[in-house]
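For the sequence shown, position 151 matches number 195 in the numbering used here, and the numbering has no gaps at all. Each residue gets a CB set at the ideal place from its N, CA and C atoms; glycine is no exception. Working notes for the structure below.
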Amino acid sequence: MPSSSARLQNLPPYVFAVIGQQLRDMKAQGIDVIRLDIGSPDLPPPDFVVDALAESARNPSNHGYTGYTGLPAFREAVARYYKRRFNVDLNPDTEILPLIGSKEGIVNLSLAILDKGDISLVPAIGYPSYEMGARIAGADICHVEMSSQNGFLLNVDSLPKEVREKAKLLWVSYPNNPTGTVANLDFYAEMVAFCAENDILLASDNPYMQITFGDYKAPSILEIAGAKDVAVEFMSLSKTYNMAGWRIGAAVGSAVALKHLLAVKSNMDSGHFRAVYEAGVAALDNTPEEWIKERNQVYVTRRDKIMAALPEMGLSADLPLATLYIWAKVQDMDATEYATRCRAEAHVSIAPGEAYGPSGDGYVRMSLGVANDRLDEALNRMKTWYKSIKS
Ligand SMILES: Cc1ncc(COP(=O)(O)O)c(C=O)c1O
């Protein structure tokens, strides 16, 4: 067997794949581990979305290839959604490209834009695929400052001239995984101006646009005038409609960037199953606001349970207005040791902050995507465990 490519050797093991293997080993030993480490919604999509999938799947003529740019009806539904929700006009033929989950598009965008010697500007705390895409493309990575002092908003001001000149891509993602931070339109306007000035493609990853709490409403970067000239946004049905396993999302915005992304994708995949597109249309067009609000209220209840328990677990956090996560600072222990021991000794799996980049150290991430009774059990286990190691 030949050795793997150099490109693969440049890729660290995906942290969650490693944790997953440890968890399978624990399960094989009969240990019941509660997982607060993954951001997969535990609740189902609306019934009518499942019905639309089943009905379409029963049609014998719906099982062939659907084409590289997906079903026009799906692209049109995404356009209607952006108009309704953000008052943003998108051309369904040139400014919307369906994805097999937004993760696929995120990694493939790096392949479409970056070469060896180019720089990808990656948040110092963020979803790992921004960095992994650049590594697979063989490009260099520059981490952009993102710290609690600036409210976990990216700070591009201090990037040196040589970095700006070599940079071809900047990633932003708000509401933010893992920190829960939200951004406003002033911040987005700054990022658009920075990218326009430095000839950089701005990639806004926005899968939590509808996982918001109270009166908070997350904006789209495409609301900024001129954004479509420099930006693409990734949207996903995974969290919005509890459809993470369905693998459906879209890249929207700059027609030029989407053409490059399509050039990669048309050599890699052949579109999605028609029934998934049709169910996606049903979700985008017909999900009542009330359904979203009620689902988000479930997350609020869980968020508040975790927030109340933090002091007894040696953790502290700011109250998030959005996303599926609590980003908690570990008070008096190394954060990775905290996560490792919590998994091994309390049998609760939480994500170590260092998995999200160099500035994630000192934190752990806890997910709201777990049923209330399991969450109660997890918090009890963690409180008892923390008390035991401190006594
Ligand atoms: C910030 C962020 N971006 C992208 C994704 C990928 O979502 P999907 O591929 O399910 O659309 C996730 C999933 O957790 C995420 O947290």
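For Ala399, the CB contacts under 6 angstroms within the same chain, skipping 5 residues up- and downstream, are Val59 in chain order. Assignment of beta-bridge partners to Val296 by DSSP yields Ile140 and Glu277. Cα atoms of Tyr218 and Arg387: separation of roughly 29 angstroms, rounded to the nearest angstrom. For Gly64, the shortest separation between its Cβ and any heavy atom of ligand 1 does not lie below 8 angstroms. The alpha-carbon of Ser314 is positioned some 7 angstroms away from that of Tyr109. In this chain, Met235 is not harboured by any beta strand (DSSP E); it is covered by the alpha helix (DSSP H) spanning Leu229 to Asn242. When secondary structure is reduced to three states using DSSP, Thr384 falls in the helix class. In the three-state reduction of the DSSP assignment, Ile394 falls in the coil class.
By the CB criterion at 9 angstroms, Arg51 and Leu328 fall outside the cutoff. Taking 8 angstroms as the cut-off, one finds at least one heavy atom of ligand 1 near enough to the beta carbon of Ile150. In the structure shown, Ala415 falls within a coil segment according to DSSP collapsed to helix, strand and coil. Counting only unbroken stretches of 3 or more residues, the beta strand (DSSP E) elements lying wholly within the region 65-149 are 140-143, in sequence order. Distances from the CA of Leu365 to each of Ala395, Gly297, Ala227 and Lys205 were compared; the closest alpha carbon is that of Ala227. Taken atom to atom, the span from the alpha-carbon of Ala121 to that of Leu115 is near 10 angstroms.
By the C-beta criterion, the region 274-293 is judged to be in contact with the region 141-150, since at least 3 inter-stretch pairs fall below 8 angstroms. In the same chain as Ala271, and ignoring 5 residues on each side of it, the C-beta atoms closer than 8 angstroms to its own belong to Tyr232, Val236, Leu246, Ile265 and Gly297, in chain order. The beta carbon of Tyr382 sits no closer than 8 angstroms to any heavy atom of ligand 1. Under DSSP, Arg51 forms no beta bridge with any residue. Around the beta carbon of Ser248, 16 or more other beta carbons lie within 10 angstroms, which makes this residue buried. With a cutoff of 9 angstroms on beta-carbon distance, Ala178 and Val166 are scored as near each other.
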